[in-house]
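Chemist:
Numbering (the UniProt record's numbering), first residue to last: 1 to 169.
1) Name the residue from 55, 157, 143 and 42 whose alpha carbon lies nearest to the alpha carbon of residue 21.
2) Would you mind stating whether residue 51 and residue 26 have Cβ atoms separated by less than 7 Å?
3) Hey, is the region 148-163 in contact with the region 67-81, meaning 3+ C-beta pairs nearer than 8 Å?
4) Using the C-alpha atoms, what's the distance from residue 119 back to residue 70?
5) Rounded to whole angstroms, how far is the Cβ of residue 5 from the Cβ of residue 32, which I believe are closer than 8 Å?
6) Could you check whether residue 86 and residue 125 sit closer than 7 Å to each other, using their CB atoms as the reference points?
7) Compare the C-alpha of residue 90 against each of 130, 140, 134 and 114 and name the closest.
8) Anyone know if the C-beta pair for residue 11 and residue 103 falls short of 7 Å?
9) Quick check: the Cα distance between residue 35 and residue 49, rounded to an integer number of angstroms?
10) Report, in whole angstroms, the separation of the C-beta atoms of residue 158 and residue 146, which I expect to be a contact under 8 Å.
11) Mapping the DSSP letters down to three states, classify residue 28 as helix, strand or coil.
12) Of the residues 76, 123 and 135, which one's Cα is nearest the Cα of residue 143?
13) Pull up the DSSP beta-bridge partners for residue 3, would you.
14) In this structure, how does DSSP classify residue 141 when only helix, strand and coil are distinguished?
15) Taking Cβ positions, are residue 29 and residue 54 nearer each other than 7 Å?
16) Hey, residue 75 and residue 24 are a contact pair by Cβ (cut 8 Å); roughly how many whole angstroms apart?
17) Where does residue 9 sit, in a helix, a strand or coil, going by DSSP?
18) Kindly indicate the opening and closing residues of the alpha helix (DSSP H) around residue 106.
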């Protein structure tokens with residue numbers, strides 16, 4: 001299984017052009033099986049790239065391909081690889097990851113709500129504002145919890161479109 005993915009610099013859904021089509025093409029032995037395939041979860045539709053697998057038979061129909069155990073396994077393997085990559089980028093270059101999150105964080109928020117098997121992994125990638133930090137500085141949930149006093153069992157939060165509105169409430 002070989003895959004090459006990239007993240008565009010800008011979120012095309014942010015331009016008001018509607019919902020983006022999946023941008024990952026599926027190949028079998030370098031033969032295009034399906035353009036804009038559903039090989040990745042819907043919440044990773046911002047990814048662009050190609051997947052080439054020698055395990056996919058060339059004579060498989062597009063309809064039967066989507067529900068095969070092989071396709072589910074490929075989707076799982078690729079999703080885990082992307083999540084591991086994003087987590088390593090979060091640790092390696094926080095400024096670059098923050099820029100990515102500002103542009104594509106809504107997709108991760110969609111994933112944490114809609115894809116239960118990956119929810120804990122996606123949650124580790126989320127960034128949040130905190131009243132304990134200067135405006136504009138973001139924190140992960142793990143970092144926030146590490147700053148909590150010993151014995152604190154609850155986290156309180158406000159959902160707001162921006163920090164100023166949350167502080168004014």
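For every residue, glycine included, the Cβ atom is placed at its ideal position computed from N, Cα and C.
Modeler: In this structure, then:
1) The shortest C-alpha separation from residue 21 is found at 42.
2) For residue 51 and residue 26, yes; Cβs fall inside 7 Å.
3) Result no; under three Cβ-Cβ pairs closer than 8 Å.
4) Distance between the alpha carbons of residue 70 and residue 119: 22 Å.
5) No, residue 5 and residue 32 are not in contact; Cβ-Cβ is about 17 Å, not under 8 Å.
6) Result yes, Cβ atoms of residue 125 and residue 86 sit closer than 7 Å.
7) That would be 140, whose Cα lies nearest to the Cα of residue 90.
8) It is a contact, given that the beta carbons lie within the stated cut-off.
9) Residue 35 and residue 49: Cα-Cα distance of roughly 10 Å.
10) With a contact defined as Cβ atoms closer than 8 Å, residue 158 and residue 146 miss out at about 21 Å.
11) Correct three-state label for residue 28: strand.
12) Cα-wise, what sits closest to residue 143 is 123.
13) According to DSSP, residue 3 bridges with 51.
14) Correct three-state label for residue 141: helix.
15) Against a cut-off of 7 Å, the Cβ pair of residue 54 and residue 29 comes out as a contact.
16) Residue 75 to residue 24, Cβ: 10 Å. No contact.
17) Secondary structure at residue 9: coil, using DSSP grouped into helix, strand and coil.
18) 94-114 is the extent of the alpha helix (DSSP H) around residue 106.
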